[in-house]
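Before any comments, here is the structure.
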Amino acid sequence: QQQVKQSPQSLIVQKGGISIINCAYENTAFDYFPWYQQFPGKGPALLIAIRPDVSEKKEGRFTISFNKSAKQFSLHIMDSQPGDSATYFCAAGSGGSNYKLTFGKGTLLTVNP
Amino acid sequence: EAQVTQNPRYLITVTGKKLTVTCSQNMNHEYMSWYRQDPGLGLRQIYYSMNVEVTDKGDVPEGYKVSRKEKRNFPLILESPSPNQTSLYFCASSPRTLGETQYFGPGTRLLVL
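Just so you know, the protein sequences line up as chains A and B, in that order.
For the first sequence, my numbering assigns the number 20 to the initial residue and increments by one for each residue that follows.
For the second sequence, my numbering assigns the number 10 to the initial residue and increments by one for each residue that follows.
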């Protein structure tokens, strides 16, 4: 059972465009939603994260939009650059006694110059 | 330099030959975790540890063992590797709880023949 569904699998965007990656979750106990960025040959690195008490979080060109009622969240990359070309993973987790993170399957983003 | 190190980085082995992948962090982090990454499946958590001598199963623990005898080390043990354990493995650590940045190691690429 896949608890975090991510789409699209791959995305091609022109330089300066907006990249949008979507994720949906099923477990209402999730209360932490990070996005990770992974370059080829490297481990994932935390990009930005949100908790469900806010609907949006912005850090530079990266924005998370969160819709608690729809159980969906998305990553928006404004003014996409070729250096943003990477694989992006959404994830969801819950605190308390459970420290597990469940990841989406990833989106390969290519930003053409 | 603050980092998570894994050894070996690349390993080719044969079915049934026990192996250990080491993971070490120098940031005094309490939380450590192992993931495997497979094409089209994203990152899946194998085991995690909230502190010394405290470990728990992730989503895909079958065929793996872990131990946490020291805070800095979290080795992953494959007692009898099988070809379906061919994968890219990542170790990660974070300061305390879910919600704090997880730092990933560089990865260990394992091929089981």
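Glycine included, each C-beta is placed from N, C-alpha and C at the ideal position.
Predicted model, so just to flag it, every value in this text is computed and none were measured.
Check: Supposed close pair Q34 (chain B), Y44 (chain B) - CB separation, criterion 8 Å; Outcome: With 8 Å as the limit, Q34 (chain B) and Y44 (chain B) do not qualify as a contact, their Cβ atoms being about 15 Å apart.
Check: Per-residue contacts from G125 (chain A) into chain B (C-beta, under 7 Å); Outcome: G51
Check: Buried versus exposed call for A105 (chain A) [16 or more other C-beta atoms within 10 Å across all chains shown]; Outcome: buried
Check: Pick from B:Y98, B:E88, B:L120 and B:T110 that is closest to L50 (chain B), judged by C-alpha positions; Outcome: B:Y98
Check: Unbroken beta strand (DSSP E) run spanning G112 (chain A), endpoints; Outcome: A105 to G112
Check: Chain B within 7 Å of G62 (chain A), Cβ atoms only; Outcome: yes
Check: Closest Cα partner of Q100 (chain A) within the set A:A111, A:D50, A:C42 and A:G79; Outcome: A:G79
Check: Nearest-angstrom Cα separation, counted from L128 (chain A) out to Y19 (chain B); Outcome: 26 Å
Check: Any chain B beta carbon closer than 7 Å to L128 (chain A); Outcome: no
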